Amino acid sequence: ELKVEQNPLFLSMQEGKNYTIYCNYSTTSDRLYWYRQDPGKSLESLFVLLSNGAVKQEGRLMASLDTKARLSTLHITAAVHDLSATYFCAVEAGGGADGLTFGKGTHLIIQP
Amino acid sequence: KAGVTQTPRYLIKTRGQQVTLSCSPISGHRSVSWYQQTPGQGLQFLFEYFSETQRNKGNFPGRFSGRQFSNSRSEMNVSTLELGDSALYLCASSSTLGQGGNTGELFFGEGSRLTVL
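Listed in order, the protein sequences are those of chains A and B.
According to the working numbering, the first sequence is numbered sequentially starting from 3.
According to the working numbering, the second sequence is numbered sequentially starting from -4.
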């Protein structure tokens, strides 16, 4: 059974600081995704990582994938309040036979 | 283009009733997936449909069912509702399988929030 673990689950940080969210998964993965969810809202796709060593960047967010270590990171640079949200990583394995397996999410609060 | 549309957005049911939720995918998307989100269990995969056929199913009891129509719209049904079925039900669509560049990226709707009393 595929397990996806995120840490930390809760993070409070100040604006301007850098931080990294980690996503570990237990079996060989085909694809890894990062999503953002604002309170009461749906999931917004942030990044799609398809191969070992993949790195994607959008604004202050950068995601990377190490398939050998079964690890993905989401790095936040010079955080701003608007990035406050819950971030989920999700892994597809087995050709998608079990859909996406999501981590429990990282609840991120960025304080001025 | 329009995103994934789910209806109804909110609904309240009582135990033992049944409910049907509807999802219209992004135009041109033929794959529709359903997920359940609860505070305790997080996001869990329910099922996926492609071209009116169920491709995959998550670990949910038979009370949870779905279908997809020829226009790719999908419905899911939960019968004999239990208190634990209270959740946000999210529908997601993805681009047509088999075409080059399909990353499997899912685009989610706003969800249907079900409360079972």
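Quick reminder that beta carbons are idealized off the backbone N, C-alpha and C, glycines included.
Predicted model only: the values in this text are computed from it and were never measured.
Listing by chain order, which chain B residues have their CB less than 8 Å from the CB of residue i?
| i | result |
| --- | --- |
| residue 106 (chain A) | 37 |
In terms of residues, what are the limits of the beta strand (DSSP E) holding residue i?
| i | result |
| --- | --- |
| residue 58 (chain A) | 57 to 60 |
| residue 83 (chain A) | Counting along the chain, residue 83 (chain A) falls outside any beta strand (DSSP E), and DSSP gives it neither H nor E. |
| residue 8 (chain A) | 6 to 9 |
| residue 87 (chain A) | 87 to 94 |
| residue 68 (chain A) | 63 to 68 |
| residue 62 (chain B) | 59 to 63 |
Are the C-beta atoms of residue i and some chain B residue less than 8 Å apart?
| i | result |
| --- | --- |
| residue 57 (chain A) | no |
| residue 7 (chain A) | no |
| residue 52 (chain A) | yes |
| residue 60 (chain A) | no |
| residue 90 (chain A) | yes |
| residue 117 (chain A) | The displayed coordinates of chain A run from 3 to 114. Any statement about residue 117 (chain A) would go beyond what the structure contains. |
| residue 77 (chain A) | no |
Of all Cβ atoms in chain A, is any one closer than 8 Å to the Cβ of residue i?
| i | result |
| --- | --- |
| residue 69 (chain B) | no |
| residue 40 (chain B) | yes |
| residue 106 (chain B) | yes |
| residue 43 (chain B) | yes |
List, in chain order, every chain A residue whose beta-carbon is nearer than 7 Å to that of residue i.
| i | result |
| --- | --- |
| residue 102 (chain B) | 47 |
| residue 28 (chain B) | 101 |
Residues of chain A with CB under 9 Å from residue i, in chain order?
| i | result |
| --- | --- |
| residue 79 (chain B) | The contacting residues do not exist; residue 79 (chain B) stays about 18 Å from chain A at best. |
| residue 85 (chain B) | 44, 45 |
At a CB-CB cut-off below 8 Å, which residues of chain A make contact with residue i?
| i | result |
| --- | --- |
| residue 98 (chain B) | 33, 50, 52 |
Could you name the residues of chain B that residue i contacts, counting a contact when the two beta carbons are closer than 7 Å?
| i | result |
| --- | --- |
| residue 74 (chain A) | Going along chain B, no residue has its Cβ under 7 Å from residue 74 (chain A), so there is no contact; the nearest lies around 15 Å. |
Counting beta carbon pairs with one atom in the stretch 0 to 12 of chain B and one in the stretch 4 to 22 of chain A, are three or more of them shorter than 8 Å?
no
Counting pairs of beta carbons, one from the stretch 15 to 31 of chain B and one from the stretch 29 to 42 of chain A, are three or more of them closer than 8 Å?
no
The stretch 52 to 64 of chain A in contact with the stretch 81 to 101 of chain A per 3-pair CB rule at 8 Å:
yes
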